[in-house]
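Trainee: This is the structure I have questions about; it appears just below.
There are 2 protein chains.
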Amino acid sequence: MNTLEAYQAHLREIGKLQSTLALLYWDQRTYLPSSGHDARAEVIGQLSKMIFERLTCDELGRYLESLEERDDLSLEDRASVRVVGKAHRRHRAIPSDFYEEFSIARSLSESVWEQAKASSDFTLFQPHLEKMVDYSQKLAQYYGYEMNPYDALLEEYEPGMTTHELRSLIEPLQKQLVPFIKDLMDHGTPPERGFLERDFPIDRQRELSLRTLELIGYDFSAGRLDTTVHPFTITTGPSDVRVTTRYRKEALLPALFTALHEGGHALYDQGIAPELKWSGLDEGSSSGIHESQSRLLENMVGRSLAFWTFFQPMLADVFPELAGVPAEAFYRASNMVKPSLIRVEADEVTYNLHIMLRFELEENLINGKIAVKDLPGLWREAMERYLEVAPEDDARGVLQDVHWAGAMFGYFPSYMLGNLYGAQMFAQVKKEMPDLTERIASGDLTSLIGWLREKVHRFGKIYDPKELIRNITGEDLNASCFVDYITAKYGHVYNL
Amino acid sequence: MNTLEAYQAHLREIGKLQSTLALLYWDQRTYLPSSGHDARAEVIGQLSKMIFERLTCDELGRYLESLEERDDLSLEDRASVRVVGKAHRRHRAIPSDFYEEFSIARSLSESVWEQAKASSDFTLFQPHLEKMVDYSQKLAQYYGYEMNPYDALLEEYEPGMTTHELRSLIEPLQKQLVPFIKDLMDHGTPPERGFLERDFPIDRQRELSLRTLELIGYDFSAGRLDTTVHPFTITTGPSDVRVTTRYRKEALLPALFTALHEGGHALYDQGIAPELKWSGLDEGSSSGIHESQSRLLENMVGRSLAFWTFFQPMLADVFPELAGVPAEAFYRASNMVKPSLIRVEADEVTYNLHIMLRFELEENLINGKIAVKDLPGLWREAMERYLEVAPEDDARGVLQDVHWAGAMFGYFPSYMLGNLYGAQMFAQVKKEMPDLTERIASGDLTSLIGWLREKVHRFGKIYDPKELIRNITGEDLNASCFVDYITAKYGHVYNL
Chain A
0 MNTLEAYQAH
10 LREIGKLQST
20 LALLYWDQRT
30 YLPSSGHDAR
40 AEVIGQLSKM
50 IFERLTCDEL
60 GRYLESLEER
70 DDLSLEDRAS
80 VRVVGKAHRR
90 HRAIPSDFYE
100 EFSIARSLSE
110 SVWEQAKASS
120 DFTLFQPHLE
130 KMVDYSQKLA
140 QYYGYEMNPY
150 DALLEEYEPG
160 MTTHELRSLI
170 EPLQKQLVPF
180 IKDLMDHGTP
190 PERGFLERDF
200 PIDRQRELSL
210 RTLELIGYDF
220 SAGRLDTTVH
230 PFTITTGPSD
240 VRVTTRYRKE
250 ALLPALFTAL
260 HEGGHALYDQ
270 GIAPELKWSG
280 LDEGSSSGIH
290 ESQSRLLENM
300 VGRSLAFWTF
310 FQPMLADVFP
320 ELAGVPAEAF
330 YRASNMVKPS
340 LIRVEADEVT
350 YNLHIMLRFE
360 LEENLINGKI
370 AVKDLPGLWR
380 EAMERYLEVA
390 PEDDARGVLQ
400 DVHWAGAMFG
410 YFPSYMLGNL
420 YGAQMFAQVK
430 KEMPDLTERI
440 ASGDLTSLIG
450 WLREKVHRFG
460 KIYDPKELIR
470 NITGEDLNAS
480 CFVDYITAKY
490 GHVYNL
Chain B
0 MNTLEAYQAH
10 LREIGKLQST
20 LALLYWDQRT
30 YLPSSGHDAR
40 AEVIGQLSKM
50 IFERLTCDEL
60 GRYLESLEER
70 DDLSLEDRAS
80 VRVVGKAHRR
90 HRAIPSDFYE
100 EFSIARSLSE
110 SVWEQAKASS
120 DFTLFQPHLE
130 KMVDYSQKLA
140 QYYGYEMNPY
150 DALLEEYEPG
160 MTTHELRSLI
170 EPLQKQLVPF
180 IKDLMDHGTP
190 PERGFLERDF
200 PIDRQRELSL
210 RTLELIGYDF
220 SAGRLDTTVH
230 PFTITTGPSD
240 VRVTTRYRKE
250 ALLPALFTAL
260 HEGGHALYDQ
270 GIAPELKWSG
280 LDEGSSSGIH
290 ESQSRLLENM
300 VGRSLAFWTF
310 FQPMLADVFP
320 ELAGVPAEAF
330 YRASNMVKPS
340 LIRVEADEVT
350 YNLHIMLRFE
360 LEENLINGKI
370 AVKDLPGLWR
380 EAMERYLEVA
390 PEDDARGVLQ
400 DVHWAGAMFG
410 YFPSYMLGNL
420 YGAQMFAQVK
430 KEMPDLTERI
440 ASGDLTSLIG
450 WLREKVHRFG
460 KIYDPKELIR
470 NITGEDLNAS
480 CFVDYITAKY
490 GHVYNL
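If you're matching them up, the sequences are chains A and B in order.
Residue 0 is where the first sequence starts when you use numbering that gives the first Met the number 0, and the numbers rise one by one after that.
Residue 0 is where the second sequence starts when you use numbering that gives the first Met the number 0, and the numbers rise one by one after that.
Take a look at the structure:
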């Protein structure tokens, strides 16, 4: 075997272990019986350690060193060396005893967070969150950065993005969204939702989710749909991308939009070129780009009038009790805007403000500008500033999300970036396909999905997000498409 | 860490990989989407290789060498050293290139067998089976043996058992069973089964299986029930023992008896002392002992009049259309005897003859006394001799079982041994608990299960099967309890 072949064989070994880890995790969140959880955590720890060892080993370092010097590699191989090289260096920068200590502390932090949230008791969680901030500050030092330690963390989720760039996206966006929301609330006519206030049997909701996934081109021979507590999509192996969802009998739309959202993630992973299998490139370009695919399907397609025009009869086929409700009523009901406390329940318009708030606080935490003990107060103050609402308890405030408990500082911006990337792509596809709205209204989603496959999905991690969005739209990421999309759509829904 | 601790840590690592492999396998047989199978086979290959490496490594050899010299080990640690030491030596005896070659050839053999069975074409399968025999003969040489190469293979499934001992169990058993079956067929009154000729909706069959598993004390917080093509039970981790089954809408009893059979296996694994977790001792004593637990539950309990006395109302609760059928009718219908072609469909009385035939042929194959090409003819001849029926095609003859395609020579006897162990244990528990039949008839299965937990389950692999059956019954394994049980029960059912 030459170096390139040995390198690829090494990556395949890592890839197989990652597919295995993904299955252990999928099962943990879907079918694992309750008494099996303690041992499963140990098994997951073991597999994670084995992957870590293979990603940081000297052997891989030597392959990379040799391949980085070569100028005869294919586009894919160069990309693989770029992506794997970065992961290798970042992981090696962390002392292994630090990593183990951190992993244990993080598990504990996540379980204490669960209790703290259940009893709305921030003081219980505070010492653990302090540790998570401390570990993350150290991680940033290990990883290294030029301007801002937060950049080193952000890099994990959005390669190449900096705090400075994020701010330059957020500031104008905030300035436009805040008064627009006020305008909607003060002068708009909110949609009518009374016709959705009834029970929807879960077996029929499942039927609708299955049909919806089929409609968008999700391949059931390479995936499946199961139920869980917090829905997610996961690649448990090549040609095996699984979607999960949840149903509540008193609500029809959440499971439908979850199917579209998770389906958007799944189409991305199912669309990655099969040649990239276990190459280090067989995942999305970044968390933000991944989120763009789910939000585009969920919001820009699923919450559009065009979608409801052809989907209403499909829905009425499963729920004949709604046959008399016109498409436009569903469209309006899907687009209610209301500043509220909980991020995961937020509408498309106010959602980014939840992210801005979290970004502001977490960036200050990592830079030591604010203290963990002051977070509950700072949270309430920021909620007033961004959304003019404030939680009465910490469970519905600073304790609502698991991310900080798991030291995922730098992740939240992905959600907002996903909205912006998605809007920029959607504007581009409309430019290239001027009759896209009519196509969607006639039930043709294949045109759109085919475009996404061609422009985004098949490349996996070959391009980093900056390169990708520039290749697709000819522009750098910016917020203007999103603002145009939001103001036009919600001006219409709210009869402004 | 001292040697013992290092040894135990090494076993835990192997154990975690084995739990992982079990989950990959369970998922492959239950939920894996069709396009995911190729990659899954590669992942399973990788994990198997990692386990093989850790089982044969020098480090483990040194631990074992040092621990084998010590006389201060606990009962459990001594047993672990015995069991793991044997596995280590057996695996190391195999050259690693042989093992890889063999694994690949075996995969191929299994897939060709599937095609050959579907088209009833033995000549297609013949060259692969010849290879499997050849590999197995070599394996026997690598493992080593005293008297008979077949002993070396048998040892894998039934530690300590020899071909000679097997023969001395089989010969008297065959002499008693063959004329007894003839007597039943010629002079007995076969049971009536017409009341079972109807459709039984699958959701209610599943309900009945769940209730049946609950009834025998299967712990659903440490397991689950799913559907598959060929039912099996598997330990996918400590406190995680999963049962699978299948349903056919036109047949009620098969799924019920599968629940009892697989439930019997599952109770064994769920009953192993938690202290044995990932110690090399956390599985059944042997394949034969494992089979005894499933057959005892399925046949000696599930096919008894006592069982049906209390179970009939439970069944009628799920299937009210059968409320008028008395317990005794179910009992009789569950015990139909009929010499037939297919092992897995055989009744309790003729079943062992199917095994004897396979043992006779496979022992001769391994000893080179017969040739693979002559198998179809030898099979028909032997079927006539044992069961007085003969298949018209090889699909229902020599091609019916997967075992030989997978080179599992030495496995078939486990099924027969399970029947004998089970009968011997059942006779013993009746001695110790003279009112057992009344207890079962009143719905108390806890007494019996508690006894099995105490005498069999909790020990895992601490005792080898010979020691175990002697500890429990004071006697070596013999066929007399089984013969007594069969002749008494079926004499009654058939009004002899």
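We put the beta carbon where it would ideally sit given N, CA and C, even for glycine.
Keep in mind that this is a model prediction, so the values were computed, not measured.
Could you tell me whether the region 156-165 of chain B touches the region 289-305 of chain B, using the rule of 3 or more Cβ pairs below 8 Å?
Mentor: Short answer: they don't touch.
Trainee: Note down, in chain order, each residue of its chain lying with its Cβ closer than 6 Å to the Cβ of A507(B), except the 5 sequence neighbours on either side.
Mentor: The question about residue 507(B) has no answer here: the residues shown for chain B are numbered 0 through 495.
Trainee: Using 8 Å for Cβ pairs, my map puts R105(A) next to M131(A). What's the rounded Cβ distance?
Mentor: Going by Cβ atoms, the distance from R105(A) to M131(A) rounds to 7 Å, so yes, they are a contact pair.
Trainee: Helix, strand or coil, according to DSSP, for T227(B) in the structure here?
Mentor: Note: T227(B) maps to coil in three-state DSSP.
Trainee: Would DSSP call A272(B) helix, strand or coil?
Mentor: A272(B) falls in the coil class under three-state DSSP.
Trainee: Compare the C-beta of T19(B) with all C-beta atoms of chain A and state if any pair is closer than 7 Å.
Mentor: By this cut-off, T19(B) is an interface position.
Trainee: Could you confirm whether any beta carbon from chain B is found closer than 7 Å to the beta carbon of R39(A)?
Mentor: Chain B contact via Cβ: present.
Trainee: Taking DSSP's pairing of strands, which residues face T243(B) in a bridge?
Mentor: Note: T243(B) sits in a beta bridge opposite D225(B).
Trainee: Within 10 angstroms of the Cβ of S135(B), are there 16 or more other Cβ atoms? Answer buried if so, exposed if not.
Mentor: Buried, by the Cβ-count rule.
Trainee: Looking at chain A, is there any beta carbon in it that lies within less than 7 Å of the beta carbon of K15(B)?
Mentor: By this cut-off, K15(B) is an interface position.
Trainee: I'd like to check one pair, A38(A) with G279(B): are the Cβ atoms closer than 7 Å?
Mentor: Taking 7 Å as the Cβ cut-off, G279(B) and A38(A) do not qualify as a contacting pair.
Trainee: Could you pull the DSSP bridge partners for I201(A) from this structure?
Mentor: Partner(s): none; I201(A) has no beta bridge.
Trainee: Cβ atoms of R294(A) and N418(A): under 7 Å apart, would you say?
Mentor: Contact: yes.
Trainee: On the CB-based measure, 16 or more other CB atoms within 10 Å of its CB, does I439(A) come out buried or exposed?
Mentor: Buried: at least 16 other Cβ atoms inside 10 Å.
Trainee: Considering only their Cβ atoms, is the gap separating T122(A) from Y62(A) smaller than 7 Å?
Mentor: No, these two residues do not count as a Cβ contact at 7 Å.
Trainee: Going by C-alpha to C-alpha distance, which of I233(B), E383(B), H90(B) and L447(B) sits closest to V177(B)?
Mentor: Minimum Cα distance to V177(B) is reached at E383(B).
Trainee: For the beta strand (DSSP E) that contains T496(B), what are its first and last residues?
Mentor: Residue coverage of chain B in this structure runs from 0 to 495, which leaves residue 496(B) outside it and unanswerable.
Trainee: Pair every Cβ in the region 213-225 of chain A with every Cβ in the region 13-20 of chain B, then say whether three or more of these pairs are closer than 8 Å.
Mentor: Too few Cβ pairs lie closer than 8 Å, so no.
Trainee: Within 10 angstroms of its Cβ, does N334(A) collect 16 or more other Cβ (buried), or is it exposed?
Mentor: Counting Cβ neighbours within 10 Å, N334(A) comes out buried, since at least 16 surround it.
Trainee: Excluding the five sequence neighbours on either side, which residues of its own chain have a C-beta within less than 7 Å of the C-beta of G421(A), listed in chain order?
Mentor: Correct list, in chain order: S291, R294, L295 and M299.
Trainee: When you check each C-beta in the region 228-239 of chain B against every C-beta of chain A, which residues fall closer than 9 Å?
Mentor: Within the region 228-239 of chain B, the residues whose Cβ lies closer than 9 Å to some Cβ of chain A are T235, G236, P237, S238 and D239, listed in chain order.
Trainee: Mapping the DSSP letters down to three states, classify A422(A) as helix, strand or coil.
Mentor: DSSP places A422(A) in helix when its eight states are reduced to three.
Trainee: Spatial neighbours of L209(A) within its chain, please: CB distance less than 7 Å, with the 5 preceding and 5 following residues excluded, ordered by chain position.
Mentor: Same-chain partners within the cutoff: L224.
Trainee: Residues of the region 270-298 of chain A with a CB closer than 9 Å to any CB of chain B: list them in chain order, please.
Mentor: Answer in chain order: K276 and W277.
Trainee: According to the neighbour-count rule (16 or more other Cβ atoms, all chains shown, within 10 Å of its Cβ), is A487(A) buried or exposed?
Mentor: Counting Cβ neighbours within 10 Å, A487(A) comes out exposed, since fewer than 16 surround it.
Trainee: Based on the DSSP secondary-structure assignment, which residues constitute the bridge partners of A250(B)?
Mentor: The partner list for A250(B) (beta bridge, DSSP) reads R247(B).
Trainee: Please name the residue in G84(B), L172(B) and R88(B) whose C-alpha comes closest to that of C480(B).
Mentor: Among G84(B), L172(B) and R88(B), the Cα nearest to that of C480(B) is on L172(B).
Trainee: Report the neighbours of G459(B) on chain A: residues whose CB is nearer than 9 Å to its CB, in chain order.
Mentor: Per Cβ cutoff of 9 Å: no residues; G459(B) is ~16 Å from chain A at best.
Trainee: Where do the ends of the alpha helix (DSSP H) carrying M49(B) lie?
Mentor: Unbroken alpha helix (DSSP H) run through M49(B): H36 to T55.
Trainee: Closer than 7 Å by beta-carbon distance: list the chain A residues that pair up with G35(B), in chain order.
Mentor: Here the neighbours are A221, G236, S238 and D239.
Trainee: Taking 7 Å as the threshold (beta carbon to beta carbon), is Q45(B) in contact with chain A?
Mentor: Chain A contact via Cβ: present.
Trainee: On the three-pair Cβ rule with 8 Å, is the region 143-160 of chain A touching the region 369-376 of chain A?
Mentor: No: fewer than three Cβ pairs fall under 8 Å.
Trainee: Taking Cβ positions only, does P32(B) come closer than 7 Å to chain A?
Mentor: Taking Cβ atoms only, chain A reaches closer than 7 Å to P32(B), which makes this a yes.
Trainee: Is there a Cβ from chain A that is less than 7 Å from the Cβ of V336(B)?
Mentor: For V336(B), the answer is no, since every Cβ of chain A falls outside 7 Å of its Cβ.
Trainee: Would you call the region 180-200 of chain A and the region 306-325 of chain A touching, i.e. three or more CB-CB distances under 8 Å?
Mentor: With a cut-off of 8 Å, the region 306-325 of chain A and the region 180-200 of chain A count as touching, because enough Cβ pairs lie within range.
Trainee: Contact criterion: CB-CB distance below 7 Å. Does V242(B) meet it with respect to chain A?
Mentor: By this cut-off, V242(B) is not an interface position.
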